[in-house]
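Asks: The structure follows.
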Amino acid sequence: MQAEAGLRVKIGLEVHCQLTALKTKLFCACSSDYRSSEPNEKICPVCFGLPGTLPVLNAKAIEYATMIGLALNCTVANRSLFYRKNYFYPDLPKGFQISQYDKAGGVAIASAGSVDVEGKSIRITRIQLEEDPGKLTYEGTIDKSSYSLVDYNRAGIALVEIVTEPDIEDAREAKAFLEKLRSTIESLGVSNGELDGAMRCDANISLAGGARVEVKNISSFKEVEKALNYEILRQKTFSGNASSETRHWDERRSITIALRSKEEEQDYRYFPEPDLRPIVLQPETIEGVKKTMPEVADARASRYAKEFGLSRQLAKELSANKDLSAFFEECAKLGGGYQEMAGLIVGELSGGLPAGASALPPQEFVGLVKMVESSAITRAQAKEALREALRTGGHVGDVVKQKNMSAVVDERAIAAIIDRVVGARPGALEEARGDKKSFSYLVGQVLKEEPRAQPGVVAKLLAKKLREK
Amino acid sequence: MVPSMVGHGEISAEEYIASMFERIERLDLGIHAYLQLDRGGALDKARALDRRVKNGGRLGKLAGMGVAVKDIICVRSLQATCGSKILEGFFPPYSATAIQRIEREDGIVLGKTNLDEFGMGNTTQNSAFGPTMNPWDLSRVPGGSSGGSGAAVAAGMASVALGSDTGGSIRCPASFCSVVGLKPTYGRVSRYGLIPYANSLEQIGPMGREAESVWLLFEAIAGHDPEDATSSTEPVRPLRAGGVEGLRVGRIKEFFGEGAQPKVKEKVMDGCARLETLGAKVGDLSIASLPYSLAVYYIIAMAEASSNLSRYDGVRYGLSAEKGTVDWNTAFSRTRSEGFGEEVKRRILLGTFVLSAGYYEAYYVRAQKVRELLTREFTLALKKFDVLLGPTMPVLPPKLGEKVTPLEDYLIDINTVAANLTGLPAISVPCGFVDGLPVGMQLIAPRFREDVLLTAAVAFGKGQGLKSPPLAEAA
Ligand SMILES: [Zn+2]
């Protein structure tokens, strides 16, 4: 949705991302794999908030948060602190959430980063580590339910909160940002966004001159676009005079409902968590994480362009997919023809690599690329062979043999076909002389007659013919 | 001491523990030190110990010692009340690390002792289960908040006891009950299993009639614990062989200030003189920021308390006052209104206030700055002196039910809170009597130098003879 003149939309996002790759919760040894568990099965005295228990920080969580910070071009703090965010809610076992804070003397683990989305830079304010609360289940909807059930399995799961500046201008851009963020985090191997509730989002939306409205409880990225579009429309009906408040996204009814106004905004009484020591990260430690962490898409794309000479566009498309990138690198070890190789991978395998390690061995794939490179077969034939092999589960090499695939390289034979095609279309040659489109059309017609012909050779001979006349 | 007597078969652990329970039966009706006893469990452990002695098995360092435990420290399968109604029916499924270590050394938990609700008080009158009486004078308070532990030890109803000290809660009852009480260095003893009042200030610590048994218990519970991120790996040093010979003792002028009763000051000056005759060198010093320590202490303690006590909402365990269908805010408010006592509510309110937006900087942040200043001053002073000295409590044990304002009540913590704010170890040792009522002398040492404190306490206690409360003697 494009903002109308005079009503510039500003959106800031707060993304909560569970570090699902962690085996245990943030402050206790409970398994973090709770999704298939019975309610209140994955809890212990610490995450259930029994008095006298103490949090012990999961060291791996710090490493993962550092990786996210680095991937989002943030400055990682050498010393950051945990704070208590105090509020009463039944899903909060201790009556406070252990979190980080950037005010009142607090320092978040990473801050001041940016993410490039479609050529635009979205600034990241900060990244902080915190624990997830439990989960409430309502009978019906939140505003009508007469009771709620609490499940503390999720309580204490490690979360990373990523806060952006209000740099986003519409719902579509928000979605693009979130997709980029998700693929970045997934390529680090610290979180699986596919899991239900692993990535959630709150949004701050304001129309130029209007008040800031916070929309909470957007449970998945799919819902974000809907929620933002609804909220922008709602605020526009107030001509930008929306009041400052917190609203709740009701997924079932696809509307936002008022929770509380800013005047009754909660005071979380943040103060440093006395049971935990500061997180101290020496510059060498941060450097070490940087060296060993998996590469994220952006860095990979520029490396592909530099190392393998891929075109910018192709490098970007290839590196956006972690699995395809891995496959490409396997293949690249076996031989050249990188541009051709990458093109075939992006063009034919984007729907997903065939399951099973042996389904498409890199050697076979590279063999196919080499056939194209040496003009033994055409690119079209290679694509056909790939599709056929993937469909039947056979070997690409076998398909090439069975189908008797081979490129026609004999220029005289191709010249003969050209003569035939041109002869059947009087005047076509004249048109092709001045018009690129008509020229391409003729090339296409020749290839239709002889699919095994190399498009390059056809074009060369056709051009020669035009000059002769 | 008991462990070696049990180890040599001079006494049977079972008989010793049984005699302790008999004593409790006779005396505790009048003192009310205990909230809960574990006679069955204790005797079972004693019998098992005796069998091990017979079979020549290895015995722990606390073998046969009967330990009273302040009811703010979790002992698996014993109810934990914190002296509050709000924890009704709460049986922790875990033991505090300190308890696990005591049991590993064959100490025997006798039961849980009374306290000011959640450790908030210095008289043990703020208990939902009624006050504890001072064994030296049943009309007076035993001090607090570890008053039950202090009284139990003083009346011989336990060999030793565990207390917890947030602003003086071990040292105050030690002083009022004429026993030795140690607040260890912050981080020395694991806080795992200690139900928190103010996390950045408190420590679990040992109490006993003799310095030797206090040291024994301290050595057992001290040390790093992976379950407590704030616990230290610093090793415990042995007691000094030379006693207090050459020990540099610094008298803190502010500790002998106007608020202190003259007779109490005199007694502690006598104590100083005695240290001098034992070979110590006594000097005087001043700590300029000490007058601010009470205000700083109460701001920080209440702030942390207001957050720590948020979890008692009636949803998961403990009291749930609301049975009908009401909204969440009404339900937890009713539980908390009914479950908490007056003093706890006062501190939650004040703590909530000082952390509120707009006040946080003026109170909490400023308090932390003064705390740092105080710590610097003490560190500096402890470069000139090995220990710092003063009366533990500026007053004699007050009468039960004596009408005082909360502020007057807070003021008697004036000498104890500094050790908590600075994290320094401090001890209260018996220092004679005024009008039949105990006076305690406080010593403060550098971080992790409990050995210096106990060396001085052992030397100071030697040849004094152990006095027992008249009531306990009659029994
Ligand atoms: Zn847990």
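These protein sequence lines map, in sequence, to chains A and B.
Per this note's numbering, the first sequence runs over residues 15 to 483.
Per this note's numbering, the second sequence runs over residues 62 to 536.
Quick reminder that beta carbons are idealized off the backbone N, C-alpha and C, glycines included.
1) Note down, in chain order, every chain A residue with its Cβ under 9 angstroms from the Cβ of Thr386(B).
2) In the DSSP output, what is Gly501(B) paired with across the bridge?
3) So Arg301(B) and Leu450(B) are supposed to be a Cβ contact under 8 angstroms. How far apart are they, rounded?
4) Under 9 angstroms between beta-carbons, which chain A residues line up against Thr291(B)? List them in chain order, please.
5) Work out the CA separation of Met218(B) and Glu469(B) for me, nearest whole Å.
6) Note down, in chain order, each residue of its chain lying with its Cβ closer than 8 angstroms to the Cβ of Tyr425(B), except the 5 sequence neighbours on either side.
7) Nearest CA to the CA of Asp496(B): which residue from Glu273(B), Asp198(B) and Asp388(B)?
8) For ligand 2, list every residue whose C-beta falls under 6 angstroms from any of its heavy atoms, going in chain order.
9) Could you tell me which chain B residues have their CB closer than 8 angstroms to the CB of Asp281(A), listed as they occur along the chain?
10) At which residues does the alpha helix (DSSP H) containing Met358(B) begin and terminate?
11) Return no unless some Cβ of chain A is closer than 7 angstroms to the Cβ of Thr158(B).
12) Skipping 5 residues on each side, what residues in its chain have a beta carbon closer than 7 angstroms to that of Thr13(A)?
13) If I'm right that Trp263(A) touches Glu237(A) with Cβ under 8 angstroms, what's the distance once you round it to whole angstroms?
14) For Tyr155(B), would you say it is in contact with chain A, using Cβ-to-Cβ distances shorter than 7 angstroms as the test?
15) Which residues in chain A sit within 8 angstroms of Pro287(B), going by Cβ to Cβ distance?
16) Closer than 6 angstroms by C-beta to Phe317(B): which residues in its own chain qualify, once you throw out the five before and the five after it? Chain order, please.
17) Under a three-way DSSP split, which group does Gly458(A) fall into?
18) Among residues of its own chain, excluding the 5 on either side of Ala371(A), which ones have a beta-carbon nearer than 8 angstroms to its beta-carbon?
19) Extract the residue ranges of the beta strand (DSSP E) inside the segment 200 to 254 of chain B, only unbroken runs of 3 or more that lie entirely within it.
20) Confirm, please, whether the CB-CB distance from Asp210(A) to Val164(A) is below 7 angstroms.
21) Report yes if the C-beta distance between Leu308(B) and Asp447(B) is below 7 angstroms; otherwise report no.
22) By the 10 Å Cβ neighbour count, where 16 or more other Cβ atoms means buried, how is His93(B) classified, buried or exposed?
23) Taking all protein chains shown into account, decide if Tyr152(A) is buried (16 or more other Cβ within 10 angstroms of its Cβ) or exposed.
24) Which residue from Cys233(B), Phe279(B), Ala366(B) and Gly526(B) puts its Cα closest to that of Ile160(B)?
25) Provide the residue span of the alpha helix (DSSP H) that contains Ser205(A), from first to last.
26) What is the C-beta distance between Gly68(B) and Ala141(B), in whole angstroms, given that I count them as a contact (C-beta under 8 angstroms)?
27) Using a Cβ cut-off of 7 angstroms (strictly closer), state whether Pro484(A) contacts chain B.
28) Kindly list, in the order they appear in chain A, the residues whose Cβ is closer than 8 angstroms to that of Gly400(B).
29) Can you pull the chain E residues whose beta carbon is under 7 angstroms from the beta carbon of Ala364(B), in chain order?
30) So with Cβ pairs under 7 angstroms, would you call Lys108(A) a contact of chain B?
31) Does DSSP put Ala371(A) in a helix, in a strand, or in coil?
32) Between the alpha carbons of Ile404(A) and Ala241(A), how many angstroms are there, rounded?
33) Counting Cβ pairs, one atom from each stretch, are 3 or more of them under 8 angstroms apart for the segment 174 to 187 of chain A and the segment 61 to 73 of chain A?
34) Residues of the segment 89 to 123 of chain A in Cβ contact with chain B at a cutoff of 8 angstroms, in chain order, please.
35) Using a Cβ cut-off of 9 angstroms, pull out every chain A residue sitting near Arg252(B), in sequence order please.
Replies: Once the coordinates are examined:
1) Ser160 and Tyr161
2) Pro491(B)
3) Wrong, their Cβ atoms sit about 17 angstroms apart, outside the cutoff.
4) Leu68, Pro288, Asp289, Leu290 and Arg291
5) 32 angstroms
6) Ile360, Ile361, Ala364, Val415 and Leu416
7) Asp198(B)
8) Ligand 2 is absent from the structure shown, which contains only ligand 1.
9) Ser417 and Ala418
10) In the sequence as displayed, the identity of residue 358(B) is Tyr instead of Met. It spans Ser354 to Asn369 - the alpha helix (DSSP H) in which Tyr358(B) sits, taken as one unbroken run.
11) no
12) Outside the displayed span of chain A (15 to 483) sits residue 13(A), for which this structure offers no information.
13) 7 angstroms
14) yes
15) Val70
16) Lys326
17) helix
18) Unreliable placement is indicated for Ala371(A), whose pLDDT of 46 sits below 50; the coordinate value is still reported in the next sentence. For Ala371(A), where only same-chain residues beyond five positions count, there are no Cβ hits under 8 angstroms.
19) 221 to 226 and 241 to 244
20) no
21) yes
22) buried
23) exposed
24) Phe279(B)
25) That residue, Ser205(A), is in no alpha helix (DSSP H); it is neither H nor E in DSSP.
26) With 8 angstroms as the limit, Gly68(B) and Ala141(B) do not qualify as a contact, their Cβ atoms being about 32 angstroms apart.
27) Past the edges of chain A, shown from 15 to 483, lies residue 484(A), and the structure says nothing about it.
28) Per Cβ cutoff of 8 angstroms: no residues; Gly400(B) is ~13 angstroms from chain A at best.
29) In summary, chain E is missing from the structure at hand, where the protein chains are A and B.
30) yes
31) Per-residue confidence for Ala371(A) stands at a pLDDT of 46, beneath the threshold of 50, marking its modelled position as unreliable; no derived number is given.
32) Just to set this straight, residue 404(A) is Leu in the shown sequence, not Ile. The straight-line gap from Cα to Cα measures roughly 40 angstroms.
33) no
34) Arg98, Asn100, Phe102, Tyr103, Pro104, Pro107, Lys108, Gly109, Phe110, Ala118 and Gly119
35) Gly66, Leu68 and Asp289
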